[in-house]
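*Asks:* Chains as they are written, first to last, in the numbering used here: chain A, 1 to 442; chain B, 1001 to 1102. We put the CB at the ideal spot given by N, CA and C, even for glycine. The structure follows.
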Amino acid sequence: MTIDRREFLKVSAGAAGAVTLSGLAGCASTSIASAKPKVVVVGAGFGGATFARYIKLWAPQAEVTVIEPNPVFTSCPFSNTVLAGINKMEDISMPYDNIKKVVDNFVPDTVTAIDNAKQTVTTAGGKTFAYDRLVLAGGIELLYDAVQGYDAETRKTIKHAWKASADQTGVLRKQLEAMPDGGTFVMSVPKSPYRCPPGPYERACMVASYFKQAKPRSKVIVLDGNPDVASKKGLFVAAWKKHFGYGTADSMIDYRPNNMPRSVNAKTMMVGTEFDDVKGDVINVVPPMRAAKVTGMAGVRTGNDGTWCPVDYLTFESTVVPNVHILGDSALTNFPKSGSVANNTGKMCAYAMSEIFAGRKPDPSPVVTNTCYSATGMGTAFHVATVFRWDPEKKALVPPKGANGVSKEESELEMAYMESWAMNVWADTLGLPDSYKFTAKG
Amino acid sequence: MKKSIALTLLIAGALGAASAYASGHGDPRARFIAANCAYCHGPDGHSRGAVPSLAGLESKYFVDQMKAFRDGSRPATVMQKHAMGYTEAEYELMGKWFAAHK
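This is the structure in structure tokens:
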């Protein structure tokens, strides 16, 4: 973070003015068994909601405020099933009721400013919250400017559907339904690292499965910014071959590596890459992305040329700004940006913070895991699973021998497990009661 | 809800003081490692789907299954990778935690 002189003076003056307040707060956050440490959580997705729920379980004395603009939780994992017509938006949307019950303050608002010297967060509604610990779990910010022509007007027609919502995923599904048989669906894959590495390739399967059943003369063109399939390659290519004729003249999927979209035009329905212009009846461009906007406000988006947030692996605290923790897709780690990782690291951060609040040191050798399923749209699925453990020599969390790998092949059994994963991760993230009726299907 | 959780934690805390680390009940590390399983096996080991629940399993049975996943004698999809990622001492910690949480 760079602070110019004027900013520095402003910050210093603010800090001096608030010396009693922030001085006390700062003291409280580090002293043993402080009465009620204030924790502010920005974003109630897989990372933030899980963290909020578990910090109240493991450090119930903490006063937890959650700031989240969306009225309900909408799951990105499983949102490709909406594109295939298997589920509807309401099947992947769930209430925040239990999170609202367990935290001290649930604020339906958007964060507009973070002052990391005064340790305060301000919202669009004009409220300001002081924190001893701030948890930023805002997901990703999409960089439309990196694709020429992807302006507000174009965005009315062309959807990314990389943040699941009725306006994105729901509209894209309607566009696919309206597309005539024989049409072309053009989709893109951003350069790594991006949210949900296997997601785009699963999306190609899901849309192709819908076409196979409803519009068999239609095609899926995949424009990949990467030099090759970036996740579960063997399994996806096998699924494309088995179900969609990949590798033959009649393939429903046309996969094009090194084809980063550079421009998009909603009037001509063209996507431009470095090599050519591709026409689509339905276009789905996922622009490049970086850590959520709020991480920029906090000055913690300093890794990888200012795109992601470096963190201490033992606490998920920013390595550049103290008392600010970063969870989920915003963090710069060697973990995949998956729902499982966000859920699991949410708990890891809650564990580390509860130890700090109890006057102890965080666990010096934590373990976190990832289990990520992808569906083919043809009643089968497959996984990648990894356990990450602290390695004192590498000073990182790395998989021990044998603790990382993918399915041998797609299977119906793994589709049942994937469906089960969705219900359990939603229940764990949101604290959904046993009586909650899930409606999503695999 | 808030009150009942606070009460539960109070009771758990009191129990923890007596049985503490020996049972894996009040051990924060055991609690955290067990929580790692939740996204597939459900919160507190209560699964909502096809993946089996872990809550209330006998500790020895849990540890034996983890060993069987690790050496491949019990066929698995994801579980061999997970079993290879934890130590035997951690199987014991998790086993005790799930046995104590029905």
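If we call anything under 9 Å between Cβ atoms a contact, is Glu68/A one with Gly43/A?
*Replies:* In this structure, Gly43/A lies closer than 9 Å to Glu68/A by Cβ.
*Asks:* Kindly indicate which residue of Val368/A, Glu409/A, Lys361/A has the alpha-carbon position closest to the one of Thr380/A.
*Replies:* It is Glu409/A whose Cα lies nearest to the Cα of Thr380/A.
*Asks:* Using CA coordinates, which residue listed in Gly245/A, Gly234/A, Tyr96/A, Lys38/A is at the minimum distance from Ala130/A?
*Replies:* Out of Gly245/A, Gly234/A, Tyr96/A, Lys38/A, Lys38/A has the C-alpha closest to the C-alpha of Ala130/A.
*Asks:* When you compare the CB positions of Gly1045/B and Ala1030/B, do they come within less than 9 Å of one another, or not?
*Replies:* Result no, Cβ atoms of Gly1045/B and Ala1030/B do not sit closer than 9 Å.
*Asks:* Hey, would you say Ser340/A sits closer than 9 Å to Cys372/A, going by beta carbons?
*Replies:* For Ser340/A and Cys372/A, yes; Cβs fall inside 9 Å.
*Asks:* Can you tell me which of the three DSSP states Ser29/A falls into?
*Replies:* Low local confidence applies: a pLDDT of 41 at Ser29/A is under 50, so the model's placement there is unreliable, with the coordinate-based value given in what follows. Ser29/A falls in the helix class under three-state DSSP.
*Asks:* Let me check one thing: in DSSP terms, what residues is Val255/A bridge-paired to?
*Replies:* First, the amino acid is wrong: residue 255/A is Tyr here, not Val. Val222/A.
*Asks:* Please confirm whether any heavy atom of the ligand COA lies closer than 8 Å to the CB of Gly247/A.
*Replies:* Questions concerning the ligand COA fall outside what the structure shown contains, since it holds no ligand whatsoever.
*Asks:* Smallest Cα separation from Lys191/A: which of Ser218/A, Phe275/A, Asp228/A, Ile86/A?
*Replies:* Here the closest residue by C-alpha is Asp228/A.
*Asks:* In terms of residue numbering, what span does the alpha helix (DSSP H) encompassing Ala350/A cover?
*Replies:* Here the alpha helix (DSSP H) through Ala350/A covers 339–357.
*Asks:* Rank Cys349/A, Pro322/A, Pro336/A, Asp277/A by C-alpha distance to the C-alpha of Thr50/A and give the top, closest one.
*Replies:* Nearest C-alpha to Thr50/A: Cys349/A.
*Asks:* Taking just the CA atoms, how far does Ile326/A sit from Met1066/B?
*Replies:* Straight-line Cα distance between these residues: approximately 32 Å.
*Asks:* If Leu471/A and Val387/A are in contact, beta carbons under 8 Å, what's the gap, nearest whole angstrom?
*Replies:* Residue 471/A lies beyond the residue range present for chain A, which begins at 1 and ends at 442; the question has no answer from this structure.
*Asks:* Trp58/A bridges to which residues according to DSSP?
*Replies:* Trp58/A is not bridged to any residue.
*Asks:* Given Ile283/A, which residues of its chain have a CB within under 7 Å of its CB, disregarding the five upstream and five downstream residues?
*Replies:* The residues are Ile158, Val186, Val264, Met269, Val271.
*Asks:* Do you know offhand how far Pro1043/B's Cα is from Arg53/A's?
*Replies:* Those two C-alpha atoms are separated by around 11 Å.
*Asks:* Phe1062/B touches chain D at which residues, Cβ-Cβ below 9 Å?
*Replies:* Of the protein chains in the structure, A and B, none is chain D.
*Asks:* Check Met1066/B in the structure and name its three-state DSSP category.
*Replies:* Of the three classes helix, strand and coil, the one that applies to Met1066/B here is helix, per DSSP.
*Asks:* Judging by CA-CA distance, which residue of Arg173/A, Lys100/A, Phe316/A, Ala239/A is the nearest neighbour of Asn70/A?
*Replies:* Of the listed residues, the one whose Cα sits closest to Asn70/A is Lys100/A.
*Asks:* According to DSSP, which residues form a beta bridge with Arg1074/B?
*Replies:* In DSSP, Arg1074/B forms no bridge with anything.
*Asks:* I think Val222/A touches Val189/A, with their Cβ atoms under 8 Å apart; what is that distance to the nearest whole Å?
*Replies:* Right, the Cβ-Cβ distance comes to about 7 Å (below 8 Å), so this counts as a contact.
*Asks:* So, are the CB atoms of Met418/A and Ala385/A less than 9 Å apart?
*Replies:* Cβ distance not < 9 Å, so Met418/A and Ala385/A don't count as in contact.
*Asks:* If we ignore side chains and look at the alpha-carbon of each, how far apart do Thr122/A and Asp276/A end up?
*Replies:* Going by the C-alpha atoms only, they are around 46 Å apart.
*Asks:* Only counting the same chain, and skipping five residues up and downstream in sequence, which positions put a Cβ closer than 6 Å to that of Glu355/A?
*Replies:* These residues qualify, in order along the chain: Pro362.
*Asks:* Is the shortest distance between the beta-carbon of Lys401/A and the beta-carbons of chain B less than 9 Å?
*Replies:* Cβ-Cβ to chain B under 9 Å: yes for Lys401/A.
*Asks:* Tell me where the alpha helix (DSSP H) around Asp115/A begins and ends.
*Replies:* Segment 111–115 is the beta strand (DSSP E) holding Asp115/A; no alpha helix (DSSP H) there.
*Asks:* I'd like the ranges of any beta strand (DSSP E) spanning at least 3 consecutive residues and lying wholly in the stretch 111–181 of chain A.
*Replies:* For the stretch 111–181 of chain A, whole beta strand (DSSP E) runs of length 3 or above, ordered along the chain, are 111–115, 120–123, 128–130, 133–136, 140–142.
*Asks:* Give me the Cα-Cα distance between Gly26/A and Asp132/A, rounded to the nearest whole angstrom.
*Replies:* Low local confidence applies: a pLDDT of 37 at Gly26/A is under 50, so the model's placement there is unreliable, with the coordinate-based value given in what follows. Cα to Cα, the separation comes out at about 6 Å.
*Asks:* Leu432/A: which of Asp281/A, Pro77/A, Phe73/A sits nearest, CA to CA?
*Replies:* Per the Cα distances, Phe73/A.
*Asks:* Skipping 5 residues on each side, what residues in its chain have a beta carbon closer than 6 Å to that of Gly377/A?
*Replies:* Here the set comprises Ala84, Cys205, Met206, Ser209.
*Asks:* Pick from Lys212/A, Ala161/A, Thr154/A, Pro197/A: whose alpha carbon is nearest that of Gly182/A?
*Replies:* When each option's Cα is compared against that of Gly182/A, the closest is Lys212/A.
*Asks:* By DSSP, does Ser318/A sit in helix, in strand, or in coil?
*Replies:* Residue state, collapsed to three classes: strand.
*Asks:* Compute the Euclidean distance between the alpha carbons of Lys241/A and Ser411/A, then round it to the nearest angstrom.
*Replies:* C-alpha separation (whole angstroms): 15 Å.
*Asks:* Who does Ser435/A pair with in a DSSP beta bridge?
*Replies:* DSSP, once it has assigned bridges, lists no residue as partnering Ser435/A.
*Asks:* Report yes or no: is there a C-beta of chain A within less than 9 Å of the C-beta of His1101/B?
*Replies:* Taking Cβ atoms only, chain A never reaches closer than 9 Å to His1101/B, which makes this a no.
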